[in-house]
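Accompanying notes for the structure given below.
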Amino acid sequence: MKQHTPKDGTKSVWSGEKAALVHGASQVPVVNSVAFTYDDIDEWYEVAIGKRAGHIYGRNTNPTVQAFEEKLRILENAEACTSFSTGMAAISNSLLTFLKPGDRIVSLKDTYGGTNKIFSEFLPRLNIEVTLVNTGDHDEMEEEIAKGCTLVYLETPTNPTVKITDLARIIKAAKKVGALTFVDNTFATPINQKPLALGADLVLHSATKFLGGHADALGGAALGSKRLVEQIYHYREINGATMDPNAAYLLLRGMKTLKLRVEQQQKNAQQVAEFLKNHDKVQEVYYPGLEDHLHHEIAKQQMTGFGGMLSFALKGELDAVRAFLPKLKFANKAANLGAVETTVGPARTTSHVENTPEERAALGIPEGLVRYSAGIEDISDLIEDLKGALDAIE
Ligand SMILES: *Cc1c(COP(=O)(O)O)cnc(C)c1O
Numbered sequence: 000m001k002q003h004t005p006k007d008g009t010k011s012v013w014s015g016e017k018a019a020l021v022h023g024a025s026q027v028p029v030v031n032s033v034a035f036t037y038d039d040i041d042e043w044y045e046v047a048i049g050k051r052a053g054h055i056y057g058r059n060t061n062p063t064v065q066a067f068e069e070k071l072r073i074l075e076n077a078e079a080c081t082s083f084s085t086g087m088a089a090i091s092n093s094l095l096t097f098l099k100p101g102d103r104i105v106s107l108k109d110t111y112g113g114t115n116k117i118f119s120e121f122l123p124r125l126n127i128e129v130t131l132v133n134t135g136d137h138d139e140m141e142e143e144i145a146k147g148c149t150l151v152y153l154e155t156p157t158n159p160t161v162k163i164t165d166l167a168r169i170i171k172a173a174k175k176v177g178a179l180t181f182v183d184n185t186f187a188t189p190i191n192q193k194p195l196a197l198g199a200d201l202v203l204h205s206a207t208k209f210l211g212g213h214a215d216a217l218g219g220a221a222l223g224s225k226r227l228v229e230q231i232y233h234y235r236e237i238n239g240a241t242m243d244p245n246a247a248y249l250l251l252r253g254m255k256t257l258k259l260r261v262e263q264q265q266k267n268a269q270q271v272a273e274f275l276k277n278h279d280k281v282q283e284v285y286y287p288g289l290e291d292h293l294h295h296e297i298a299k300q301q302m303t304g305f306g307g308m309l310s311f312a313l314k315g316e317l318d319a320v321r322a323f324l325p326k327l328k329f330a331n332k333a334a335n336l337g338a339v340e341t342t343v344g345p346a347r348t349t350s351h352v353e354n355t356p357e358e359r360a361a362l363g364i365p366e367g368l369v370r371y372s373a374g375i376e377d378i379s380d381l382i383e384d385l386k387g388a389l390d391a392i393e
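Quick note on numbering that gives the first Met the number 0: the sequence shown kicks off at 0 and runs consecutively.
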């Protein structure tokens, strides 16, 4: 008999929790324990060397954290998953596990601001060559990869102008030169995009955003083959960027509604994008669900939904943003994204706050660009709210 495989909505709710349940409880407990005790030193030894399942010390593993890893692993259809204190810890630890002096990495100009800093500030210090190509220019990327590299680092959709990279195409180019491909899947979430199924070697997440969904816990994850993830886990257990069990609990709880939230967020994002596109105070709207978006066709092919993130430039630039933002009632003006609440902020204070105005300009990010993370509110209220705030612009 063919085994039944549950779909993502069911997996979000049920997967990964069983091993952590105790006392007949139906919910995963927060195990606040730094260490785990053993009377039998032979058993202790076997757990310590990984021959037997169990936990030794909280920097390495914890039952609550393990349930988080297992739920996400099943959602991404990955062989293995390891977790981190933040998304940036997942990204930096994963890069440093594999890169060494003399290596070359090819990536995009508009990766997340923190990731961009690793490329521009920290990797060159280690004598690692970094080449950043214009995001969405697939020909340029293929040319740079063909020159030879150790690692190709992708993020799609990107932050904040929501550009899309054709994963299958770039992964193929990377494989040709024997390079690993890492994909930051934070914006798409496993509900909309499964990079491992398209041949990526590693998927990275800031669990802080859509996975947790409630803007109350930080976390990160790396997923891929057992061979790669075990090396990353080893680097992390020594370097110590471990996820806290309390954060793991909040993220696990948030993930139960992941599919529901993402579906509502992208329904709202689509309607907000269409409303803004026709508004006379708006210069430009960036959302892959719009038919005239540069990469609409690629997005349609590799994603099952266009996601909850969009951005738009106001005609009145920074002064317009100053008048507009405070008038929004149903939006947190904040640096995070992917929450149940609509969250907005200018790129200059959010994703690219680490960059200078000149650097932002070079990255194609206007100072008046507003990032909009659609929440799960009723769409009529979000549109009314936007109308009112846009009217407040001179
Ligand atoms: C927020 C974010 C990160 C960093 O995650 P933290 O949890 O804040 O460290 C990385 N990539 C993307 C795409 C993000 O949005």
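Beta carbons are placed, not taken as given, at the ideal position from N, Cα and C, and that holds for glycine.
Bridge-paired residues (DSSP) for residue i
i	result
D183	E154 and L203
M308	S372
S106	L131
L313	V281
L222	C80 and V202
K332	V343
Y56	A34
Distance cut-off 6 Å: residue i Cβ against heavy atoms of ligand 1
i	result
T4	no
M254	no
S372	no
L217	yes
M302	no
G112	no
S205	yes
N92	no
G291	Note that residue 291 corresponds to Asp in the displayed sequence, not to Gly. Flag unset: Cβ of D291 not near ligand 1.
8 Å contact criterion, which residue i and residue j should meet: CB distance rounded
i	j	result
M302	Q192	5 Å
G23	I73	The pair is not a contact, with the Cβ atoms about 23 Å apart (cut-off 8 Å).
I163	A298	5 Å
V151	V105	5 Å
Candidates the options: closest to residue i by CA position
i	options	result
K17	T160, V27 and S11	V27
A361	A89, I127, K258 and N133	N133
Q264	R51, A246 and G304	G304
G212	K326, V202, A246 and M242	A246
N126	F83, K99, T188 and R321	K99
D318	D102, N335 and I392	I392
K50	R58, D41 and G57	D41
L166	T185, A178, A199 and T114	A199
V161	N184, A19 and L150	N184
Y248	T4, V29 and A173	V29
Residue i versus residue j - alpha carbon distance
i	j	result
I48	Y234	16 Å
I117	S91	7 Å
K1	L131	46 Å
V64	K208	17 Å
D7	I190	7 Å
E366	L389	17 Å
A322	M254	35 Å
E383	P287	23 Å
A79	G223	6 Å
E68	S32	18 Å
A157	K326	According to the sequence displayed, residue 157 carries Thr and not Ala. The straight-line gap from Cα to Cα measures roughly 27 Å.
K280	G315	7 Å
N267	A216	24 Å
A312	A89	31 Å
H204	W43	32 Å
Proximity test, residue i beta-carbon vs ligand 3 heavy atom, cut-off 6 Å
i	result
M87	Ligands displayed in this structure: ligand 1; ligand 3 is not among them.
Minimum Cβ-Cβ distance from residue i to chain B less than 7 Å
i	result
K314	Among the chains in the structure shown there is no chain B, since it carries only a single protein chain.
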